[in-house]
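Visitor: Using this note's numbering, read the sequence shown as starting at 842 and increasing by one per residue.
All C-beta atoms in this analysis are idealised placements derived from N, C-alpha and C, irrespective of residue type, glycine included.
Predicted model, so just to flag it, every value in this text is computed and none were measured.
Take a look at the following structure, please.
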Amino acid sequence: MGVRAKGWLLLPLLLTGCISGRGMAPNQPVAVQSIPSGATATTNYGSSCTTPCSLRLPNDDGGTIWIAKDGYDTATVVVGSHVDANAVARSLSEFADPTDAAIEVASGTILGDGMTRRLDKRDVRVTLTPSGAMGATNAKPIDPGAPGTVQRLSPEEIAKVQSPPLD
842 MGVRAKGWLL LPLLLTGCIS GRGMAPNQPV AVQSIPSGAT ATTNYGSSCT
892 TPCSLRLPND DGGTIWIAKD GYDTATVVVG SHVDANAVAR SLSEFADPTD
942 AAIEVASGTI LGDGMTRRLD KRDVRVTLTP SGAMGATNAK PIDPGAPGTV
992 QRLSPEEIAK VQSPPLD
């Protein structure tokens, strides 16, 4: 294959910058579960579902999932992606010409089309906490006189402790 023919093959790759949106970017499903169930899971791409459910995220850069339910704090989960060495090897094995293989790796890995990338997480499980609970739902009031408790002293009480009266 001549240099001129390879140039024509690269033309669609160069024009992809003119297209907006995610198009047909490869993606993978992410299973989302929450306790309690019935929460709304929403991605930074706008898709949403009610847990337990499945959302699709693009392989090239993953995404963020927010899980929200009335009366509970919203949980945020970031799903990243990584280069899959097996996908790169499969991609390279399709080419006999090393130049073609180099072009494929450059377009797939550097431009991030997702063909050689995989999501870091495919299963998201979240336990939502009640709003304002901060983990203190079973807290008991502290007895100020109980051993091991700390009390704030007034300046007068501090002065008595620091300089006891002389007899």
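Taking only the alpha-carbon atoms, compute the straight-line gap between residue 1009 and residue 962 and give it to the nearest angstrom.
Guide: Given that the chain is displayed from residue 842 to residue 1008, the structure contains no residue 1009 and the question cannot be resolved.
Visitor: Is the separation between the beta-carbon of residue 871 and that of residue 888 shorter than 8 Å?
Guide: In this structure, residue 888 does not lie closer than 8 Å to residue 871 by Cβ.
Visitor: Hey, how far is the Cα of residue 904 from the Cα of residue 999?
Guide: Each residue's alpha carbon lies about 56 Å from the other.
Visitor: Can you tell me the Cα-Cα spacing of residue 874 and residue 893, whole angstroms?
Guide: If I take the Cα positions, the gap works out to 5 Å.
Visitor: So what's residue 872 in DSSP terms, helix, strand or just coil?
Guide: If DSSP states are grouped into helix, strand and coil, residue 872 belongs with the strands.
Visitor: Pick helix, strand or coil for residue 1000, following the three-state DSSP scheme.
Guide: Here residue 1000 sits in helix by DSSP.
Visitor: Looking at residue 959 and residue 869, is the spacing between their C-beta atoms short of 8 Å?
Guide: Yes, Cβ-Cβ distance for residue 869 and residue 959 is below 8 Å.
Visitor: Give me whichever residues DSSP pairs with residue 964 in a beta bridge.
Guide: BP columns for residue 964 point to 872.
Visitor: What did DSSP end up calling residue 995 once you bin it into helix, strand or coil?
Guide: Here residue 995 sits in coil by DSSP.
Visitor: By DSSP's criteria, residue 1024 is part of a beta bridge. Which residues make up the other side?
Guide: Since the displayed the chain opens at 842 and closes at 1008, residue 1024 lies outside it and no answer follows.
Visitor: Compute the Euclidean distance between the alpha carbons of residue 881 and residue 971, then round it to the nearest angstrom.
Guide: Rounded to the nearest angstrom, the two C-alpha atoms are 15 Å apart.
Visitor: When the Cα of residue 898 is compared with those of 883, 924, 969 and 973, which residue comes out closest?
Guide: Of the candidates 883, 924, 969 and 973, the one whose C-alpha sits nearest the C-alpha of residue 898 is 883.
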